[in-house]
Amino acid sequence: MSPTTFGDATTEDTVPTVKVEELLEAGVHFGHQTKRWNPKMKRFIFAERNGIHVIDLNKTLTQIQVACGFLHDVILQGGTVLFVGTKKQAQQELKDAATRCGMPFVVDRWLGGTLTNLQTIRKSVKRLKDIEALLASPEGEKLPKKEIANYRRELAKLHRNLDGIVTMDKPPAALFVVDIEREKIAIAEAHRLNIPIIALVDTNCDPDAVTYPIAGNDDAIRSVKLITHIIAETIAEAQAELAPKIAAPPAEAPAPETAAPTA
Numbered sequence: 005m006s007p008t009t010f011g012d013a014t015t016e017d018t019v020p021t022v023k024v025e026e027l028l029e030a031g032v033h034f035g036h037q038t039k040r041w042n043p044k045m046k047r048f049i050f051a052e053r054n055g056i057h058v059i060d061l062n063k064t065l066t067q068i069q070v071a072c073g074f075l076h077d078v079i080l081q082g083g084t085v086l087f088v089g090t091k092k093q094a095q096q097e098l099k100d101a102a103t104r105c106g107m108p109f110v111v112d113r114w115l116g117g118t119l120t121n122l123q124t125i126r127k128s129v130k131r132l133k134d135i136e137a138l139l140a141s142p143e144g145e146k147l148p149k150k151e152i153a154n155y156r157r158e159l160a161k162l163h164r165n166l167d168g169i170v171t172m173d174k175p176p177a178a179l180f181v182v183d184i185e186r187e188k189i190a191i192a193e194a195h196r197l198n199i200p201i202i203a204l205v206d207t208n209c210d211p212d213a214v215t216y217p218i219a220g221n222d223d224a225i226r227s228v229k230l231i232t233h234i235i236a237e238t239i240a241e242a243q244a245e246l247a248p249k250i251a252a253p254p255a256e257a258p259a260p261e262t263a264a265p266t267a
């Protein structure tokens with residue numbers, strides 16, 4: 005996918021400070037074994053070392069700047085970003101980062117139709133809230149123990165699948181994804197709705213499948229944590245910039261000039 009024009013997406017002052025040395029220290033440059041590569045990643049590969057592809061971090065840094073510039077504009081226009089990463093290494097990092105900046109997230113299991121059939125997802129959210137209200141009510145306390153246990157099991161499952169998207173009542177303006185090979189259903193749904201995708205893309209992935217690829221290690225926890233932190237910080241900084249504009253009262257229109265009375 006070619007990048008979507010969305011304001012000035014290359015503005016460096018919208019990007020949290022990050023240096024190549026930080027990327028290097030976090031192991032962002034380590035790709036997969038050369039035999040597991042996707043040839044479309046060739047343009048982002050610097051070298052091969054001991055059967056492992058090494059990612060060009062200068063290109064990664066440029067990609068971060070472009071992606072963060074885009075995200076900055078998304079937030080200033082009132083959009084939301086859905087964080088997606090269900091692999092073990094990404095779950096807690098994405099959940100924590102999304103929670104810090106008040107964004108929705110999916111870290112347990114992608115429910116088919118999360119984007120393309122959001123109305124059904126909202127019905128499940130309503131079911132979750134209805135069960136919570138019932139169990140907290142005097143009527144709920146009078147239910148048989150077996151029925152209460154069944155409700156609690158259902159509630160636990162709903163929380164596990166929906167907690168991160170309870171407040172998402174419309175499709176997000178963008179997705180941030182870790183491991184696009186694993187999250188193919190989410191990617192496909194975003195494509196159907198023309199939702200731009202920012203993604204951490206390892207050497208076994210197709211970078212053309214997303215709008216804003218960030219070449220990097222999507223397996224190491226430190227790498228995932230650093231890139232996710234950069235994304236979340238960009239969102240938080242844009243939110244801080246937007247807040248005064250939301251709080252400011254609308255400017256009053258100037259009073260119309262009245263003509264001077266004629267003698």
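With this note's numbering, the residue at position 225 of the sequence shown is 229, and numbering never jumps.
Cβ coordinates follow ideal geometry from the N, Cα and C atoms, glycine included.
Residues of its chain near residue i, where Cβ-Cβ distance is below 6 Å and the 5 sequence neighbours each way are ignored
| i | result |
| --- | --- |
| Leu86 | Pro108, Pro176, Leu179 |
| Leu230 | Ala30 |
| Glu187 | Val88, Val181 |
| Ile169 | Pro108 |
| Glu237 | Pro20 |
CB of residue i within 8 Å of CB of residue j, strictly
| i | j | result |
| --- | --- | --- |
| Gly89 | Val32 | no |
| Ile225 | Val205 | no |
| Ile218 | Ala203 | yes |
| Glu279 | Val214 | Examination of residue 279 is not possible in this model, given that the chain is present from 5 through 267 alone. |
| Leu119 | Leu197 | yes |
| Asp173 | Arg126 | yes |
| Val70 | Gln95 | no |
| Leu28 | Leu65 | no |
| Asp223 | Gln93 | yes |
DSSP three-state assignment for residue i, whether helix, strand or coil
| i | result |
| --- | --- |
| Ala30 | coil |
| Gly35 | strand |
| Ala177 | coil |
| Ala247 | helix |
| Lys23 | coil |
| Leu115 | coil |
| Glu143 | helix |
| Ala51 | strand |
| Ile218 | strand |
| Leu86 | strand |
| Leu197 | coil |
| Ile184 | coil |
| Ala203 | strand |
| Val170 | coil |
| Thr14 | Its pLDDT being 44, under 50, Thr14 is placed unreliably by the model, and the measurement read from it follows with that caveat. Here Thr14 sits in coil by DSSP. |
Euclidean distance between Cα positions of residue i and residue j
| i | j | result |
| --- | --- | --- |
| Val78 | Ile234 | 15 Å |
| Arg47 | His163 | 42 Å |
| His195 | Leu122 | 15 Å |
| Glu25 | Met45 | 22 Å |
| Ser141 | Leu132 | 14 Å |
| Glu143 | Lys99 | 34 Å |
| Ile239 | Pro148 | 47 Å |
| Val129 | Ile49 | 43 Å |
| Asp167 | Glu136 | 13 Å |
| Ile250 | Lys150 | 49 Å |
| Tyr216 | Ile199 | 11 Å |
| Glu193 | Lys146 | 43 Å |
| Arg40 | Gly73 | 31 Å |
| Lys91 | Ala102 | 16 Å |
| Met5 | Arg53 | Annotation note: pLDDT 46 at Met5 (below 50); position unreliable, coordinate value reported separately. Spanning the two alpha carbons is a distance of roughly 30 Å. |
| Gly83 | Ile191 | 18 Å |
| Asn42 | Ile201 | 19 Å |
Own chain partners of residue i with C-beta closer than 7 Å, once the 5 adjacent residues on each side are dropped
| i | result |
| --- | --- |
| Thr124 | Gly117 |
| Gln243 | Ile79, Cys105 |
| Lys63 | Phe48, Ala219 |
| Thr171 | Pro108 |
| Lys23 | none |
| Leu246 | Ile79, Leu80 |
Residues of its chain near residue i, where Cβ-Cβ distance is below 8 Å and the 5 sequence neighbours each way are ignored
| i | result |
| --- | --- |
| Leu139 | Ile152, Tyr155, Arg156, Leu159 |
Residue i: CB within 7 Å of a non-hydrogen atom of the ligand ADP
| i | result |
| --- | --- |
| Pro108 | As for the ligand ADP, it is missing from this structure, which has no ligand bound. |
> Would you call the region 34-53 and the region 205-225 touching, i.e. three or more CB-CB distances under 8 Å?
Replying inline: yes
>> Contact between the region 54-74 and the region 154-161 is defined here as three or more beta-carbon pairs at a separation below 8 Å; is this criterion met?
In response: no
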